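Accompanying notes for the structure given below.
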Amino acid sequence: MAFNFFCLGSTIAAVLASSQPAHAFERRLFGKIENGAQPVSFPQLTLGVDDTLQEVLDEYCQKKFKALCASGDKVFCNRLAVARYAKGKENQDADMWRCFDDRSIVSSNRSVSCVDDCGNAIPCLGEVKSITVVHTTRHAEIQSLVARESARLCPSSQKAANAYCKTQQAGSVARKDAGLTSVNQGIEWRCYDPSSLAYEQKSTCASNCGEEVKCHGGRIDMVSEAVSAKHVTRDKEIQDAINKNKTDCKGKICVNTVASPAQCVD
């Protein structure tokens, strides 16, 4: 499964490493409760200029819960919704995009996925409590939202780097990060299997201006050798792809932006 996800622009403030429990961490990172907001349908989403793609999906799910509540399905009332690519109830063992009550997700491991700004699904903290889960499956709608918003939020340089990586290793994404754990390989541009990354871990991606910026989906320090081997190193080739596809300001100053393209100023 590969969706083509989200690297944060340099203007997005880094959202936190917290000493709070992981459950509270996820509520703060992904949850949005719009007090008094009216239920709206998919096309009516109001997106902020600093939204990450994961936040856009969570906003969609929160509005979906509110709409279901307003229609009389009270199980969805007064809940904080998050979007995850995951299994559902006990008889729903296929991973799909679903809107979950955040209390249905326990943070014991990474058996669910979040999405980066370029539309790639990456493991994130969470496991579905299949017996007590409250959720609604919205696979097609969320896939459409991912496709639409990743076109807006994915920097052209990072998109090109990801595309190059997919020619080297199916489904892989570009990050400037660590290599093999056993030999302590340094930080270089590499193509990674998304399953070897963690959404909460920050890594390095490319901005619209071709600069290195922090993004979600990095390597965890302590991983098995089998997991750490799920990459190929292509430092020069990825850098070339970035340079060829960054915003060309033709002598002006390139100002990095969250949404493509970058701004060129005198």
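For the sequence shown, the residue numbers in mature numbering (1 follows the signal peptide of the UniProt record, and there is no 0) are -24 to -1, 1 to 242.
Note that the Cβ used here is the ideal one computed from N, Cα and C, for glycine as well.
These figures come from a predicted structure and were not determined experimentally.
Roughly how many angstroms separate the alpha carbons of Gly102 and Val82, rounded to a whole number? 5 Å
Which partner residues of Phe76 appear in the DSSP bridge assignment? Residue pairing by DSSP places Phe76 opposite Val58, His111 in a beta bridge.
Exposed or buried, which one is Asn54 when buried takes at least 16 other CB atoms within 10 Å? exposed
At which residues does the alpha helix (DSSP H) containing Glu213 begin and terminate? First-last of the alpha helix (DSSP H) with Glu213: 211 to 221.
Give a yes or no on whether the C-beta atoms belonging to Val149 and Tyr168 are separated by under 8 Å. yes
Where do the ends of the alpha helix (DSSP H) carrying Val51 lie? Careful: Val51 lies outside any alpha helix (DSSP H) and carries neither H nor E.
What's the gap between the Cα of Val122 and the Cα of Arg60? The alpha-carbon separation between Val122 and Arg60 amounts to approximately 12 Å.
Starting from Ala146, trace the beta strand (DSSP E) both ways and give me its first and last residue. Ala146 -> no beta strand (DSSP E), and no H or E assigned at all.
Can you list, in chain order, the residues of its chain whose CB lies under 8 Å from that of Ser84, leaving out five sequence neighbours each side? The residues are Glu103.
Does the distance from the CB of Ala205 to the CB of Ser133 come in under 8 Å? no
Which value, in whole angstroms, describes the spacing of the CA atoms of Leu129 and Leu29? 7 Å
Would you list the residues sitting across from Gln239 in a DSSP beta bridge? Val231
Between which two residues does the alpha helix (DSSP H) harbouring Glu188 extend? Where Glu188 is concerned, there is no enclosing alpha helix (DSSP H), although the beta strand (DSSP E) it sits in stretches over 188 to 194.
Select from Ser87, Val51, Lys228, Asp71 the residue whose C-alpha is nearest the C-alpha of Ala116. Per the Cα distances, Asp71.
With DSSP as the reference, identify every bridge partner of Asp153, one or two as the case may be. Glu164
Which class does Glu35 belong to by DSSP, given the choice of helix, strand or coil? helix
Could you give the distance in angstroms between the alpha-carbon of Gln161 and the alpha-carbon of Arg195? 12 Å
At the level of alpha carbons, what is the spacing between Asp93 and Gly227? 28 Å
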